[in-house]
Amino acid sequence: MDEPCFFRFFVRKKMDGHLVLSHAFLTILFLEGGAVMFVQVTGDSHNQEVLVMGERLDRQQDGYYLLPGRLVHALKPHDLPVGIPFKLSGALPSGYGFYREDSVIFRRTNDTPSLWIDVTSTYMVAEWDGLFSVEATVEARKHVVEQQQQFAFVLSEATEQQVIFHYEFSWSSEQEMDLESALESICDTVIEVEARGNARLWPGYRNCMEEGEQDKL
150 MDEPCFFRFF
160 VRKKMDGHLV
170 LSHAFLTILF
180 LEGGAVMFVQ
190 VTGDSHNQEV
200 LVMGERLDRQ
210 QDGYYLLPGR
220 LVHALKPHDL
230 PVGIPFKLSG
240 ALPSGYGFYR
250 EDSVIFRRTN
260 DTPSLWIDVT
270 STYMVAEWDG
280 LFSVEATVEA
290 RKHVVEQQQQ
300 FAFVLSEATE
310 QQVIFHYEFS
320 WSSEQEMDLE
330 SALESICDTV
340 IEVEARGNAR
350 LWPGYRNCME
360 EGEQDKL
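In this text, residue positions in the sequence shown follow the numbering used here: the first is 150, and each later residue adds one.
Given below as structure tokens:
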């Protein structure tokens, strides 16, 4: 088999009716027979490298790979290799992104486009500036998550220095969706968990919500 060949060119974006050059490059890997591969995995589990559109991703100590938001626009969920965890680095091209306190790891677990999402939120007590205590806030968010069947492995842990909140869930879509839209949807879920949890702390919250709708996402 011949060596893969990389072609790199500017991506054009349409803004206000005009075509402009994007700062991002799009690199496509053409394999033998004309197949296109956006994500390439090389090496074994001990010396593994992941390249997205020709760019090598940084692997973190916990085993996940940092996927720059500027590289997401060309990918779909099924482009991700099964079993390899990723974490968004920076914002998406749309401007969406996760809060710095939220570590959101996503991976494919099978041959479907669905993703398994691992969320760990870490709040430093000394930096907390919420209206309610960080412990009460996390407990309220935990309650919201525990009422939802789609969430798993829910736990919270508090020390004098920090409070950690963790949960996991599966993301899927009935319609074909690109990875950027998928991550936007996941971001919406994480934000909604926090918003519903925060709302529970306000006096009169239950009186404002219909029965059965208080913690529904």
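Backbone N, C-alpha and C define an ideal beta-carbon position, used for all residues, glycine too. Keep in mind it's a predicted model, so treat the numbers as computed, not measured.
Query	Result
Every unbroken beta strand (DSSP E) inside the stretch 219–297 [3 residues or more]	235–238, 251–256 and 264–273
Every unbroken beta strand (DSSP E) within the stretch 300–358, with a cutoff of 3 residues, ordered by chain	300–307 and 311–320
Residues bridged to Y214 [DSSP beta-bridge criterion]	R208 and F235
Proximal residues to S238 (C-beta, below 7 Å), its chain only, five neighbours per side dropped	L215, L216, P217 and G218
Cβ pair count under 8 Å reaching 3, the stretch 189–207 against the stretch 301–316	no
Q189 - DSSP class collapsed to helix/strand/coil	strand
Touching by the beta-carbon criterion (3+ pairs, under 8 Å), the stretch 279–292 and the stretch 247–262	no
Given M273 as reference, the closest of R257, R290, D260 and I313 once Cα atoms are compared	I313
Alpha carbon of P226 to alpha carbon of W265, nearest angstrom	11 Å
Simplified DSSP state of F174, which is helix, strand or coil	Summary for F174: the model assigns pLDDT 36, below 50, so the residue's position carries little reliability; its value from the coordinates is reported in the next sentence. The answer is strand: DSSP assigns F174 an E or B state.
Contact belief for E333 with Y245 at Cβ below 8 Å, rounded distance in angstroms	5 Å
Burial state of V190 (16 or more Cβ within 10 Å)	exposed
Cβ-based burial, V342 [other Cβ within 10 Å; buried from 16]	buried
Cβ-based burial, V231 [other Cβ within 10 Å; buried from 16]	exposed
Beta-carbon gap between S229 and F255 smaller than 9 Å	First, the amino acid is wrong: residue 229 is Leu here, not Ser. Going by C-beta atoms, L229 is nearer than 9 Å to F255.
Nearest to L328 (by Cα), restricted to the options L224, D193 and T258	L224
Pair within 9 Å by beta-carbon distance, D267 and E317	yes
Inter-residue spacing [alpha-carbon to alpha-carbon] between S321 and S263	4 Å
Closest residue to S270 among A240, K291 and Q209 (Cα-Cα distance)	K291
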